[in-house]
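Notes follow once the structure below has been shown.
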Amino acid sequence: MGQSNSSLPQPWPSSYDTAINKHHPLVVRTDDVSSSLYLTGSPPSFCPQSRTQDLEAIVSVISEAQHYVDVAVMEYFPATRFEKPQRYWPFIDDAIRTAAFERKVKMRMLISCGRDSDPGMLPFLKSLASIDSPQQNINIQIKLYIVPVGNQSGIPYSRVNHNKYMVTDKAAYIGTSNWSGDYFLTTAGVGLVVSQHAPHPVWKTKALQGQLRAVFDRDWYSEFAVDIYDLGHHPDCKLSR
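Residue numbers for the sequence shown follow this note's numbering, beginning at 16 and rising by one.
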């Protein structure tokens with residue numbers, strides 16, 4: 016694949032098939048916790064038919080949540096960023112809105128912001144936040160996570176949180192892609208989906224989902240997390256300029 020003039024096989028040979036996917040996860044025990052897990056891939060052209068695609072997994076995890084979805088990503092665009100002309104790409108955004116509006120799932124989104132962040136994110140994030148309505152039991156909270164730059168301004172994209180994960184009451188997802196169309200359509204990426212079942216004390220301390228949610232809560236309630244409506248002017252966040 017790395018050679019000159021090489022091309023992707025269509026279809027992929029059966030030797031690249033997998034027996035582990037969304038419909039047939041691998042069942043293991045980790046730290047005495049029963050876990051079901053599978054790997055995902057993107058773009059679609061890199062995935063044999065048996066491999067769950069990354070976008071499908073993300074939408075599925077959001078759609079199966081019943082109580083809460085916590086998302087921490089570096090970038091969030093329901094569009095393509097690098098393709099010309101740009102295209103609207105609503106799949107993850109639609110899943111979030113549907114979960115919050117129809118199933119009353121509590122959504123918390125922690126989006127990274129630095130000096131090199133694209134201000135084009137802000138209208139999309141405010142559009143999501145605008146449907147938050149306690150009267151209708153629609154709960155969408157959005158914060159920006161801003162790492163102080165200090166005297167380290169010479170290294171681009173270094174003083175910004177590169178998170179790409181999500182945790183729900185049903186599963187945890189950890190990936191390599193920012194949440195915009197290009198990363199799922201034309202960029203190679205992988206993801207891991209883990210679902211675990213255990214008594215609450217064990218789940219909170221040993222399960223990946225519990226540990227990941229503890230990391231999210233740490234960042235969500237930290238001094239570096241700023242509500243999208245309280246941003247004002249911040250020298251280390253380009254979305255505030």
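Glycine included, C-beta positions come from ideal geometry on N, C-alpha and C.
Residue environment: Gln-68 is assigned as buried (16 or more neighbouring CB atoms within 10 Å of its CB, all protein chains considered).
As a beta-bridge residue in DSSP terms, Asp-242 pairs with Lys-158. Residue state for His-38 is assigned as coil, using DSSP reduced to three classes. Counting the other CB atoms within 10 Å of its CB gives Ile-73 a total of 16 or more, which places it among the buried residues.
Looking at Thr-201, Ile-161 and Gly-165, the one whose alpha-carbon comes closest to that of Leu-254 is Ile-161.
The stretch 126-151 contains, as complete alpha helix (DSSP H) runs of 4+ residues, the segments 136-144 (chain order). For secondary structure counted as the beta strand (DSSP E) over 3 or more consecutive residues, the stretch 184-240 holds these complete runs in sequence order: 187-190 and 204-212.
Bounds of the beta strand (DSSP E) holding Val-48 are 48-57. In this structure, Asp-47 is the residue among Asp-47, Ile-35, Pro-58 and His-39 with its C-alpha nearest to the C-alpha of Pro-214.
Your pair Met-136 and Phe-92 checks out as a contact, with CB atoms roughly 6 Å apart and the cut at 8 Å. By the neighbour-count criterion, in which a residue is buried when 16 or more other Cβ atoms sit within 10 angstroms of its Cβ, Glu-98 is exposed. One alpha carbon belongs to Ile-157, the other to Asn-166, and they sit about 28 Å apart. Judged by their CB atoms, Gly-129 and Arg-96 are not nearer to each other than the 8 Å cut-off. About 7 Å separates the beta carbon of Asp-85 from that of Met-181, a gap short enough to meet the 8 Å contact definition. Secondary structure note for Ala-110: it is in no beta strand (DSSP E), and the uninterrupted alpha helix (DSSP H) holding it is 106-117.
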